[in-house]
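All remarks here apply to the structure that follows.
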Amino acid sequence: MTRYIVQRLLLLPFLLVVYSFVIFVIMQAPPGDFLTAYVATLSATGTSITADQIQALRHEYGLDQPFIVQYLYWVQNLLSGHLGLSLEYQRPNAELIGAQLGLTLALALMAFVLTWLIAVPAGIYSATHQRSVLDHVITVINYVGVATPNFMLALILMWIAFAYFGISITGLYSPEFVDAPWSIARVVNLLEHIWLPAIILGIAGTARLTRIMRANLLDELNKPYVVTARAKGLREWRLVLRYPVRLALNPLISTIGWYLPQLFSGSLIVATVMNLPNIGPLLLRALINQDMYLAGAILLIYSFLTIVGTLLSDIALAMMDPRIRMET
Amino acid sequence: MPPIPTATEPLLQVRDLRVSFRLDEGTVRAVDGVSFDVFPSQVVGIVGESGCGKSVTMRAVLQLIDPPGRITGGEILYRQGGDKPIDLARLSPRGRLMRDLRGAEIALIPQEPMAAFSPVHTVGAQIVEAIMLHERVGREQARARTVELFRDVGISMPESRVDAYSWQLSGGLRQRAMIAMALSCKPRLLIADEPTTAIDVTTQAQILALLRELQHKYHTAIIFITHDLGVIAQMANYVVVMYLGRVMEEGPVDEIFHAPRHPYTRALLRSIPSLQTETRAALPVIAGTLPHPFNRPPGCPFHPRCEDILPERCATLVPALHSLGPRRAVSCFLHSRDAEPA
Amino acid sequence: MSDVQAIGAVAEDRIAVAPNWKLVWWRFRRHHLALVSAGLLICLYLVVLCPDFFATQSPEQTDARQAFIPVQTLHFLDDGWNPWVPAIAGKRNPVTLRMEWTTDTQRKVHVSFFTRGFPYRALGLFDTNIHLLGAADPGQRIFLLGSDRLGRDQWSRIMHGTQTSMTVGLVAVTLSVIFGVVLGGISGYFGGITDQIIQRLIELLQSVPTIPIWLALSAALPRDWTPIQVFFAITVILSLVGWTTLAREVRGRFLALREEDFVLAARLAGCSQMRIILRHMVPTFLSHIIATSSLAIPVMIINETSLSFLGLGIRPPAISWGVLLQEAQNIQTLALAPWLLIPGLIVIVAVLAFNLVGDGLRDASDPYSH
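Chains as they are written, first to last, in the working numbering: chain A, 2 to 329; chain B, 765 to 1106; chain C, 15 to 384.
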């Protein structure tokens, strides 16, 4: 087991190198670069800029160097801990990312807790009370929920809130509080706005999780060890929770690691729709504007967290299931 | 074989038990009127082909039948020591009464010991759970009892084995652990559901010897379900032969083996390969195959495959279980004219 | 009792001699929901074949004066069979200076089926101008599902969007399946170095965070590519990650099957390797592949819709459900014209149908689920 973990950890730097290269390639792939987009924006607003000035800017940003040089320059910076400068915002990337991190994390955690709090009991109930009215209702909700794209749910809920309740749920603050310093009033305002995004983010994954929980539990409920437990005289609820649920949860636990990158970026698409100050929309803007250092930094952190997350999942699974722990 | 102990009252009386399964394609009558008695400290062997309803009968005793199955008729009278017997068929499967009986009075040794233990809990933990459920003891005592039990059933190094997982044990050890769990609360009736089917022959012999020894020691009655007549001959005092959900014949083991009355029993006994048969003789088999559960023949369930069939009677009427003497019965028109009401 | 007996006897015989696909079909038939969904999907794919036939107007026809017209519901009866839609009445709001439309059920615009309308090329083969339905008076425009901010008819645009979105899903999954089966098969059958390389590749791809990479790849597509090029690029991008799971499964099956006796028998009988793979090994898990694919298509559809919605997938003037939903991004607009959400409903229905069919197929093709 330990050997397995060590193996994976050793692989980590290698994977990161490969990823960083691939990411950089993707960053550079679109024709032109940040300056092209920047110049286009400038001319759209009527400001003109001479070719010399463009060349000077290009040189200043190092955009006229060959590809490999730019890549190595970037890696060098990364290794010394600098995530680079955002070309668009003209601020250090680390600062930009850090600013959004707290909120992203809070939202993601709330969504995660909500999802599991609803999905696991619903799945358990559905499996143990098959063909009951509530099971049918849950199943229908599940099917429709899985078929609904996340952003669709966000749109519908936002529309209902706006059209019927007059609540405008974009952004996390009312306009007057967006750039204001922290105060009680600001916190209250935040709480007023955060519940809907949290619910939307939470519900998005619930349908899927409930279905999986239900399917897993149904598989386990037919197994002989459940009969043995019943034959010992255990109460039904106690034995269901202690035995088949425990085993049905195992595959779910192994997906926990995938939440790690989610915690970092939140749900990209829903955050964009709801205009939340999340890392997701930040990445999107960076990609569209070819702000490559920012995009690259975010993507790299994301990849890193994904790998670590997968490793954590495997460790969690090994801890929960002695069969895996002892046979690896 | 020890003689049948003569106690006055039977421990368990199954009367005309019926269990049906309601499937989309139709209703299957898995158990269709089964009656037999079990006396204290007796070993009753229930023998029959796969699908004859023996396991379902036993599940019914413990009220472990899951929907779409249901007990649709009959009584299961259990005598809990001196008082009036309770009808287990009337008890709610998840109710307090039934749960108190399970494990403490009637215990099950299930068919596949590998799958019957939870793979993520140690075997010791699962046995301790059973003990603490029914007896007023603390965890320490329960664990000590478990170690003792392991020693009783012949598991070496019981101290360390208690903390093992079921998949770490060999087949024989697992089965012994299963037996230990079943005996943990000193039940009066043990139901062994094909306990030797999943293990090899040498281990089988050991397990059977163990069961005999434990039965003498604890005076537990055992209902032994199997399709293996050889095992029945070694273990049982009393035999019940089932086919398609009904009892064909029942009686003391010696009489069943030496003087079988029912054509099915006779055919079964004939089909056992023997060292005494001359070489190259064809193995006698019972003609025909088990009918499809939705395709049950009217009249006597065995008649399509019977060699001694009485054409008009056997194909239309179902023979009733007719008593040939104390604790000896057969349901065949060769021996009585009694028929089941239509 | 005798009926059940008879059923039992006949059923046994038929089951004993039916080929596998028939068995699967019989089991599938018993899932009523799956059957209905399959019917629905067939209807949708009919639209894919010839969207213009179902459209009432050219999807590009704009008219700024007819923006945000509400849904004109189709009614069928008016003294007998005489389909009609309510006419629209417009009023300019003096405060916002915006046109506000209402439908007037007193004034009817008659609708006829199989009517003549704008010309188009059906199936890329022949020119015609017959449409499933349209206004009785060819000059009139009807908006069965309302219009958007440029006065374009949403019903017709949805027809075209259906063509794109359903096709992208299908093509992306087909590509995934081809990659998955071929690479997984090679990996499993030949083993050794090839297997190792392909396995590492799969691991690499599987640990890639999909959505960001999709976003990045889509953003990397040159702005000046034609819609068709973008379309194919998007399908390739979407399929790039999907094939890994299938490849793993196929490899696992191949590894197991390689040791099976029937493969050995085939080899001993002199079959070539290709024949062994195609005729002996692949059919054993073909139904599994089909079931998995039909469950993968809705995922692809949702992914494409999400990407296009963000502006990174299919680009206008090409139309897909996601592109249509871009119009609904603005909450104020949505409050004004909630019918802009309808493409989203179609997505939900289509995905639901695929999921039900996929589940039905999976249950029907699994011989051990009974």
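Note that CB positions come from ideal geometry on N, CA and C, so glycine has one too.
Worksheet item: Taking 7 Å as the CB-CB limit, is B/Met765 close to chain A?
Response: For B/Met765, the predicted structure reports a pLDDT of 40, less than 50, and the residue's modelled location is therefore unreliable. A value from the coordinates is still provided. Chain A, which has no Cβ nearer than 7 Å to the Cβ of B/Met765, makes this no.
Fill in: A/Ala148: contacting residues in chain C (beta-carbon distance under 9 Å)
Pro312, Ile316, Val361, Ile362, Val363, Ala364, Val365, Leu366, Ala367, Phe368 and Asn369
Worksheet item: Between B/Glu1071, B/Glu789, B/Thr772 and B/Gly797, which lies nearest to B/Leu781 when the distance is taken from Cα to Cα?
Response: B/Gly797
Item to complete: Alpha carbon to alpha carbon, how far is A/Arg209 from C/Pro212? Give it in angstroms, no decimals.
Response: Per the sequence presented here, residue 212 of chain C reads as Ile, with Pro not at that position. Distance between the alpha carbons of C/Ile212 and A/Arg209 is about 30 Å.
Worksheet item: Where does A/His194 land, buried or exposed, given buried means 16+ other C-beta within 10 angstroms?
Response: buried
Practice prompt. Take the Cβ of B/Ala1046 as the centre, count every other Cβ of all protein chains shown within 10 Å, and call the residue buried at 16 or more, exposed below.
Written response: exposed
Worksheet item: In this structure, does DSSP put B/Asp916 in helix, strand or coil?
Response: helix
Fill in: Listed by chain order, chain C residues near A/Leu235 by CB distance under 7 Å
Chain C residues near A/Leu235: none, gap ~28 Å exceeds 7 Å.
Worksheet item: Which stretch, first to last residue, makes up the alpha helix (DSSP H) that contains A/Asn78?
Response: Phe68 to Leu80
Discussion item. Using the Cβ count rule (16 or more neighbours within 10 Å means buried), how would you classify B/Ile919?
Written reply: buried
Worksheet item: Relative to the alpha-carbon of C/Leu58, which residue among C/Gly183, C/Glu263 and C/Gly148 has its alpha-carbon at the smallest distance?
Response: C/Gly183
Worksheet item: Which value, in whole angstroms, describes the spacing of the CA atoms of A/Leu277 and A/Ala155?
Response: 12 Å
Discussion item. Measuring CB atoms only, is the stretch 148-161 of chain C touching the stretch 268-277 of chain C, in the sense that at least three cross pairs come out at less than 8 Å?
Written reply: no
Fill in: Per-residue DSSP class, three states only, for B/Asp801
strand
Practice prompt. Take A/Arg9 and list the residues in its own chain whose beta-carbon comes closer than 7 Å to its own, dropping the five residues that flank it on each side.
Written response: Leu312
Worksheet item: Along chain A, which residues have their Cβ under 9 Å away from the Cβ of C/Gly358?
Response: Thr149, Pro150, Phe152, Met153, Leu156 and Ile157
Practice prompt. Please work out which residues of its chain come closer than 6 Å, Cβ to Cβ, to C/Val185, disregarding the five sequence neighbours upstream and downstream, and give them in chain order.
Written response: Thr249
Worksheet item: Can you tell me the Cα-Cα spacing of B/Gln875 and B/Arg976, whole angstroms?
Response: 18 Å
Worksheet item: Under 7 Å between C-beta atoms, does A/Ala319 make it to chain B?
Response: no
Discussion item. So for B/Val892, helix, strand or coil by DSSP?
Written reply: helix
Item to complete: Name, going along the chain, the residues of the stretch 215-242 of chain A whose beta-carbon falls closer than 7 Å to a beta-carbon of chain B.
Response: Lys224, Pro225, Tyr226, Val228, Thr229, Arg231, Ala232, Lys233, Gly234, Leu235, Arg236 and Glu237
Worksheet item: According to DSSP, which residues form a beta bridge with C/Thr116?
Response: C/Ala103
Worksheet item: At a CB-CB cut-off below 8 Å, which residues of chain C make contact with A/Ile270?
Response: Ile225, Ser320, Phe323 and Leu324
Practice prompt. Hey, could you find the ends of the alpha helix (DSSP H) A/Phe113 is sitting in?
Written response: Asn94 to Thr129
Practice prompt. Output, in chain order, the set of chain A residues within a Cβ distance shorter than 8 Å of B/Glu876.
Written response: Pro225
Discussion item. Let me confirm a value: B/Thr984 is counted as buried when at least 16 other C-beta atoms fall within 10 Å, else exposed. Which label applies?
Written reply: buried
Worksheet item: Should C/Ala332 be flagged as near chain A, meaning a C-beta pair shorter than 7 Å?
Response: no
Worksheet item: Along the stretch 233-252 of chain C, what residues have a CB closer than 9 Å to any CB found in chain A?
Response: Ala233, Ala234, Leu235, Pro236, Arg237 and Asp238
Item to complete: Can you give me, in chain order, the residues of the stretch 913-929 of chain B that have a beta carbon less than 8 Å from any beta carbon in chain A?
Response: Tyr929
Item to complete: Using a Cβ cut-off of 7 Å (strictly closer), state whether A/Trp160 contacts chain C.
Response: yes
Worksheet entry | Under 7 Å between C-beta atoms of B/Pro1037 and B/Arg1030 | no
Worksheet item: When the distance is taken between beta carbons, is C/Asp162 closer than 7 Å to C/Glu341?
Response: yes
Worksheet item: In its own chain, which residues sit with a C-beta less than 7 Å from the C-beta of A/Tyr226, not counting the 5 before and 5 after it?
Response: Tyr244
Discussion item. Taking CB distances under 7 Å as the criterion, tell me whether A/Leu300 reaches chain C.
Written reply: yes
Worksheet item: Of all the options C/Leu218, C/Gly266 and C/Leu147, which has the alpha carbon lying nearest to the alpha carbon of C/Phe67?
Response: C/Leu147
Discussion item. Give me the residue from C/Thr208, C/Leu164, C/Asn369 and C/Pro73 with the minimum Cα distance to C/Gln80.
Written reply: C/Leu164
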